[in-house]
Structures are given as C-alpha cells and as structure tokens.
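S.K.: All the letters of the sequence shown, read from the start, carry residue numbers 417 to 1135 under this note's numbering. Built from N, CA and C at the ideal position, the CB exists for glycine as well. Values in this document were obtained by computation on a predicted structure and should not be read as measured data.
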Amino acid sequence: MDIKLDPSRDDLPLMANTAHILVKHYVLDLDVDFESQIIEGTLVLFFESGNRYRKKSSSTEETRGSEPNEACKVRMPEPCHVPVTNTRTFSSKMGYSDFAICGKGGKDTSGKDSNHDNQEQASGISVSKYCCDTKNHGSEDFLLVLDCCDLSVLKVEEVDVAAVPDIEKFTRSPKLTVVSELRNQIVHELVTLPADRWREQLDCYARCSRAPGCGALLFNTDTWSLQIRKTGAQTATDFPHAVRIQYRTKPQGRSVTWTSDQSGRPCVYTMGSPINNRALFPCQEPPVAMSTWQATVRAAASFIVLMSGENSAKPTQLREGCSSWHYYVTMPMPASTFTIAVGSWTEMKLETCLSNDLAAERPFPPSEADFRCVGTCGHMEYPCRFQNASATTQEIIPHRVFAPECLRGACQEILLPLVSSCLSAAHSVLGTHPFSRLDVLIVPANFPSLGMARPSKEKTGHVSDSGSSVIKHGLNPEKVFMQVHYLKGYFLLRFLARRLGDETYFSFLRKFVHTFHGQLILSQDFLQMLLENIPEEKRLDLSVESIFQDWLESPGLPQPLQTEPQAGAECGLARQVGAEVEKWIRVNRRPRKRKRRGTEEVFEKLLPDQLVLLLEHLLEQKTLNLRTLQRLERTYHLPQQDAEVRHRWCELIVKHKYTRAYKTVEKFLLEDQAMGVYLYGELMLSEDARRQQLARNCFALTRELMDRSSAQVVAEMLF
417 MDIKLDPSRD DLPLMANTAH ILVKHYVLDL DVDFESQIIE GTLVLFFESG NRYRKKSSST
477 EETRGSEPNE ACKVRMPEPC HVPVTNTRTF SSKMGYSDFA ICGKGGKDTS GKDSNHDNQE
537 QASGISVSKY CCDTKNHGSE DFLLVLDCCD LSVLKVEEVD VAAVPDIEKF TRSPKLTVVS
597 ELRNQIVHEL VTLPADRWRE QLDCYARCSR APGCGALLFN TDTWSLQIRK TGAQTATDFP
657 HAVRIQYRTK PQGRSVTWTS DQSGRPCVYT MGSPINNRAL FPCQEPPVAM STWQATVRAA
717 ASFIVLMSGE NSAKPTQLRE GCSSWHYYVT MPMPASTFTI AVGSWTEMKL ETCLSNDLAA
777 ERPFPPSEAD FRCVGTCGHM EYPCRFQNAS ATTQEIIPHR VFAPECLRGA CQEILLPLVS
837 SCLSAAHSVL GTHPFSRLDV LIVPANFPSL GMARPSKEKT GHVSDSGSSV IKHGLNPEKV
897 FMQVHYLKGY FLLRFLARRL GDETYFSFLR KFVHTFHGQL ILSQDFLQML LENIPEEKRL
957 DLSVESIFQD WLESPGLPQP LQTEPQAGAE CGLARQVGAE VEKWIRVNRR PRKRKRRGTE
1017 EVFEKLLPDQ LVLLLEHLLE QKTLNLRTLQ RLERTYHLPQ QDAEVRHRWC ELIVKHKYTR
1077 AYKTVEKFLL EDQAMGVYLY GELMLSEDAR RQQLARNCFA LTRELMDRSS AQVVAEMLF
C-alpha cells in the first residue's frame, strides 16, 4: 500500500477505510517535550463498524455478511513468535513486551517500510511487512487503515474494556460467551449513549482508555497510513472496537511546528494544512469520519496548553515542574479540526471592566436539566446548543485571549475590544453560536496557513469502495497561497446579497445555519437551499449549475460581476476612500514649490479596511514621488498598522523604490512570514540587485524557522 508521491505536485491521499469502520471517539494521553521536540503517549480509539452508504443495522448477521467488509480483507501468513535477542532496556511507563512477530519460517523481514518506519525508536520490537502470500493458505483478516504520516508507532493492542469496574451495565445481552463479542458490545453501547448522558459517557471513555491490554495487534506503517489487523478477525464487526496505539511524533513531522513565539520563547502548534493531523496522531482524515475526543496533555509547568475543546481547562499540578491539562469535545467533528498549541502564552484581559450585561457569561456545557428541545436538528445526536433555550439568546460566549507577553499592549488596544463586538455581531446575523466557548491565540510569526479548503464540487477526488480518497493538489506547496477561490467566493456572496437584498439574504443565512449546524455540507447544499428560499422574481436565471459554471469553473472575472454596478458607489466608507485617493493624486501631481496658505490638503482619519483600499488604489498609480510616500507614511502611521495594511504599504515601497523604508519590508518578511511570501515575489520580479539581495538576506534569517511549504515556495523564487 506504499504510494510514492511527488510532494511538490501530487494529490494528498486519504487512506482510511471509513466505509467499513468509523472512529467515534479518541482519547489522547500525551507528554510534550520541548527538549527533544517530541509529543509522545497513547491514543485509544473507539470504533463503530458499519457502512456510511447504508442504514446501520443492529443485526450482527447483516453486518457480518456485507460486501464492504469483505472488500477490505487480506490473506496473511500466520505469524510466529520468536524471542528478541538484542532488546533494549524498556521504561516501565511504556509497557513494552519483549517479543517479535515475523513471517513464515521465523525470518525477520522488517525494514524501512515495516511496522516501524524508525527502527531505532522501536526499541527492538519488530513486525514483518504485510504481504499477500499465495502459497500460504492462511486466514483472511480485516485490515483497519488509518491516516498516518511521520509518526513512530511503537505498539498497538486491543483494550480489555470488559475489565473496567461496573462496566457490565453496558452489556445488553448477558448471554454473550465470546469475550471479543462482549467487549465490542460494551463499546457499541458506550458510543451510542443518548446525548443527555454525555458526562457519564466521557467518564466511561476515560476509564476504558486506562483498561489493561488484552493482546498485541499486528501493524504496519507506510508513507501515508497505519494498517492494523487481528488474526482471525475477518470483518469490521469482528475487529476490536477499542484499540490502544502507543506512538511518538517526529520533530520534522508536518502536522506539528516547533518554533519560538514573538517573545523568543519556545512553543509548538498544529496547523490545518497540508496534511492535517495525521503526523500528530493516527486518525481517519476523510471529513465523513465525524468523531468526538478528549485529551490529557502534560507539559512543563511554565507552559500553557490550549486545545479545541468545550471546557476552559485549567492546569493540574502533577509534580514539581509539571502540569496536566484536560480538554474534551462532545460535538462530533472531522479529525482535521483537532488543534493544540503549547507555549508560554499570557492570558490577555481588558483592564477596564465590561458592563454587567456584556460580561455576563453562562458556562456551558449546561446541566442535564437545561437540555431540552427547541427545534428539530438534522445532525447526529450530541448535546446541541440549538436545543438549549438559554444558549439561543447568548450573544457573547465565554472567551479567552492568549498571546506572548510582548504583545500585551497591542492586544489591549486593538484586539480585546473587538472580540465581544464580533461575537455579538455574529449572533445578530447568524443566531445561536454552535460552540460553547472560544479561545483566541496570537500565533507565531511562522504560522503558514492563510486558509484551508477541500475543493472540487461534490467530492475531493475518486472515492474507493473502502472510503479512501484524495485531495486534488493537496501536496502542492503553492496551494495554500492561492487566494483566487477566496476572492471569487467573496464576490459571489456579495453578488447574491445584492440580487436578493440584504434582508432576504441575511434571513436565509440564519435559516441555513440553523438547518445545517453540526453537519457536513457541500457548496451545492448552500446554493440549492438559497434558491429554494427566495421569491421567483428574484431568482431570475440563477441555478446551481449556472452559478458553478460562471463563478467556480470558469477562469477570470465572472461575467455577472462585470455587468453589476460597482459596490463602492453605494458604500459610504468606500466613497470616503475614493475622495481621499483623489486628494493624494493631487498631492502627487503638485510641483515641488513653496506651499500657499490655505491650499494644504486635509486628510480624513480612515479605518484599517479603508486604508487597505486606499493603498490598493494608489498601487494602480504609475508613479508616486518621494514626498508623497513620506507624507503617506506620516499621515497614517503605516509601519504601526495591521498586517493587511502593512503588506500593501510594503508593496508601494518596493514598487516605487522607497529605499528609506526598506527596513519596513525587512521587518515584515521576518515577522509576517506567511503573508511575506508574496513580497518575496515582488522583490525578485523588480530585477533590482539591492531588493533581490534584501529578499535573500531575509530568507537566510528565517529559512530554518519557516513552514516547509513556505520555504520551498520562496526558495523556488530566489534561486
């Protein structure tokens, strides 16, 4: 199954066989070590067998005979067990067993594509690579395939959930005599508990995750997957439904970035592209694999651990110098939405007290007494905020803001006053917040992702019978910097709002969120519902097919946009910018001579978004003289503005050879590395030796810190 791909241009494979078996819950227990730049520990996965293309049946016989399960069998030679002769000393914490598993005849066939892609970290345990031996008529076993890359998997075992005290209440049939069936029955009952028992469910997941192992499972890793099987388990129904994986990340793993924050303190964070979380933990990456999770993360006491979770976690001191953090999620989501960041962050708080109304925050999750149905939901069952009467009126959800200490002033002045206003505005437009709380983190300078997308209409690529698929061009390092689809998407939404009218359009958005919250949706779901909910006279010639053709599948400026009146003509803020642009053009054209009293231009104060528009208009001017550039810089304090404004200002500096401000460009390339990729291109295209050398010097200083994809794209520009 080892697929050789050229990471510069090929598609990203999603290997997990989600059509046969689905992860319903992950329990992670991890240690973060900054000295070795490794995250290690255990992951327990709780499965539910079945097929997403058909209605799930509770009948074991129906599931056992289904074709999808048959499609993922492998014919394997029976393993033989031989003692390990050169075994290292194992930590009692890791719980290793001194054994090896090899193929027929006892020959060790392990290698770089064997069970451990890093043998020196495997501590002497060896498992042969899976193969199809037509000469050996062994049993056909079900093969579990998980998305996995850049991980050292040390051990995989079945978890004996039946050994958990008081777990017998989850055995619906007391007559089950086969132990493996009993364990799977327990997991089935656990993952299907009703939503109002979510606290009990999380507790049981935690206790089951600590249960003893009851047998090592055979496993193999290749470039993009972890493959696990149990001898004699011939279908997904027979396969263990609780599996523990012991593993560690690698410092170079593409899902985890070890770096320094703006204060120079070490930190680590995960990012959503290009390979999502498969280099953080083995998982099912296809979005259809909706799951919940809980995680315990240990780190040095000087660090704060942030994670996607519904609780505002606080540290628990385990021993001197070490703290533990625990987060959980009860809303099923794709594994790619799991995030973690560990660093010496400081929680930022407004120095001035908010009003009682604004600061009133009702903690969630609610008590079971508050869990009641407000409307009908279309998603799988979970403790949904849309069914909580008090949550529907909560304009501002609990939130925390974290940043390096050196950014305290900027957070106090700019960010903190905005968060509550943004949350309130979102509620006024879209209604109930789908999540119970929010953490905001100011990420390090090398954070590379300007956005995440899985394009291509109804599917990301060919989907096999097992559920595996691909993301087209997902491994292309330039993909994350392509903004065309975002720009087209923005203009499409503006076009629809103009066609329908704001009242109709925003009313639809609220209805759309209420209808589809907690579910996976496609672009055509949005468009189809939109067209079904607008009057016929406003629909005119619009259809899902025509919108796809005009806006998503055709290059260049969409035809409908060319015939629409300019939005700026109706926007007061844009008209104000237009007036300021005219002033600057007059200033730029004015000859250098003594100013006459009363003729000096007076410029209005502009908002950041207005400054972006102003600078973009000025970028269209063929020339701007030195005096104009100097006055621009002084008037708007451009080097102190946000990154969007400073990026346009840097473009003006480069275009018009404003040498006095080259330090501003250098600072931007060092501190805003993701956005700076575009500036490298501008500097190199200028064909000016000084500017090209500036680009190379900045790249030399940041290359080792930059995201791998960003560094590759910039290197191709410079050399």
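1) How would you label Glu1120, buried or exposed, when you count the other beta carbons within 10 angstroms and need 16 or more for buried?
2) With a threshold of 8 Å, are at least 3 pairs of Cβ atoms found where one atom belongs to the stretch 744-760 and the other to the stretch 798-810?
3) Out of Glu767, Ala717, Glu616, Glu736, which has the shortest C-alpha to C-alpha gap to Gly759?
4) Taking the alpha carbon of Arg615 as the point to measure from, which residue in Gly648, Tyr743, Ser880 has its own alpha carbon closest?
5) Considering only their Cβ atoms, is the gap separating Arg664 from Glu996 smaller than 9 Å?
6) Taking the alpha carbon of Ser568 as the reference point, which residue from Thr647, Thr653, Leu459 has its own alpha carbon closest?
7) With H, G and I counted as helix, E and B as strand and the rest as coil, what does DSSP make of Cys564?
8) Taking C-alpha atoms, which residue in Thr593, Thr653, His441, Gly648 lies nearest to Thr608?
9) Roughly how many angstroms lie between the CA atoms of Gln1026 and Leu1085, to the nearest whole one?
10) Tell whether a beta-carbon distance below 9 Å holds between Trp761 and Ala711.
11) Less than 9 Å between the beta carbons of Leu570 and Gln643, yes or no?
12) With H, G and I counted as helix, E and B as strand and the rest as coil, what does DSSP make of Met945?
13) So, is Asn1113 buried or exposed, given that buried needs 16 or more other C-beta atoms within 10 angstroms?
14) What's the gap between the Cα of Asp957 and the Cα of Ile963?
15) Secondary structure at Cys630, three-state DSSP: helix, strand or coil?
16) Quick one: what's got a C-beta closer than 6 Å to Gln617's C-beta in the same chain, skipping five residues either side?
17) Exposed or buried, which one is Pro864 when buried takes at least 16 other CB atoms within 10 Å?
18) List the endpoints of the continuous alpha helix (DSSP H) containing Trp1136.
19) Give the secondary structure of Asn433 by DSSP, where H, G and I count as helix, E and B as strand, and everything else as coil.
20) From what residue to what residue does the alpha helix (DSSP H) around Arg1124 run?
21) Count the other CB atoms within 10 Å of the CB of Ser959; is the residue buried (16 or more) or exposed (fewer)?
22) List the endpoints of the continuous alpha helix (DSSP H) containing Tyr1078.
23) In the structure shown, what three-state DSSP assignment does His497 receive?
24) Check the DSSP bridge columns for Leu856 and list the partner residues they point to.
25) Give the single residue among Thr593, Glu574, Ala1131, Arg623 whose Cα lies nearest to the Cα of Asp582.
26) Measure the C-alpha to C-alpha separation of Arg955 and Asp941 and round it to an integer number of angstroms.
27) Whole angstroms are fine: how far does the CA of Ser752 sit from the CA of Leu461?
28) Return the chain-ordered ranges of every alpha helix (DSSP H) run that is complete within the stretch 615-698 and spans a minimum of 4 residues.
29) Which one of Trp741, Ile437, Gly629 has the shortest CA to CA distance from Val448?
M.R.: Checking against the coordinates, here is how it stands:
1) Per the 10 Å Cβ criterion, exposed.
2) The stretch 798-810 and the stretch 744-760 touch, with three or more beta-carbon pairs separated by less than 8 Å.
3) Among Glu767, Ala717, Glu616, Glu736, the Cα nearest to that of Gly759 belongs to Ala717.
4) In this structure, Tyr743 is the residue among Gly648, Tyr743, Ser880 with its C-alpha nearest to the C-alpha of Arg615.
5) At least 9 Å separates the beta-carbon of Glu996 from that of Arg664.
6) Nearest option by C-alpha distance: Leu459.
7) Cys564 falls in the coil class under three-state DSSP.
8) Taking only the C-alpha atoms, the option nearest Thr608 is His441.
9) Looking at the two C-alpha atoms, the distance is approximately 23 Å.
10) When the beta-carbon positions are compared, Trp761 and Ala711 stay at least 9 Å from each other.
11) The answer is no: Cβ separation not under 9 Å.
12) Met945: helix per DSSP, three-state reduction.
13) Exposed is the call here.
14) Using only the alpha carbons, I get a separation of about 10 Å.
15) Strand.
16) Excluding positions up to five away in sequence, the list reads Leu609.
17) With 16 or more other Cβ atoms within 10 Å, it is buried.
18) The requested residue 1136 is not part of the displayed model; the chain covers only 417 to 1135.
19) Asn433: coil per DSSP, three-state reduction.
20) Residues 1124-1134.
21) It counts as exposed.
22) Here the alpha helix (DSSP H) through Tyr1078 covers 1078-1087.
23) Any reading at His497 is ruled out, since the residue's pLDDT is 32, under 50, leaving its predicted position unreliable.
24) What sits at residue 856 in the sequence shown is Val, not Leu. Residue pairing from DSSP places Val856 in a beta bridge opposite Val817.
25) Relative to the Cα of Asp582, the nearest Cα in the group Thr593, Glu574, Ala1131, Arg623 belongs to Arg623.
26) Rounded to the nearest whole angstrom, the CA to CA distance from Arg955 to Asp941 is 16 Å.
27) If I take the Cα positions, the gap works out to 16 Å.
28) Runs of the alpha helix (DSSP H) inside the stretch 615-698: none found.
29) Distance check between Val448 and each of Trp741, Ile437, Gly629 places Trp741 closest, using alpha-carbon atoms only.
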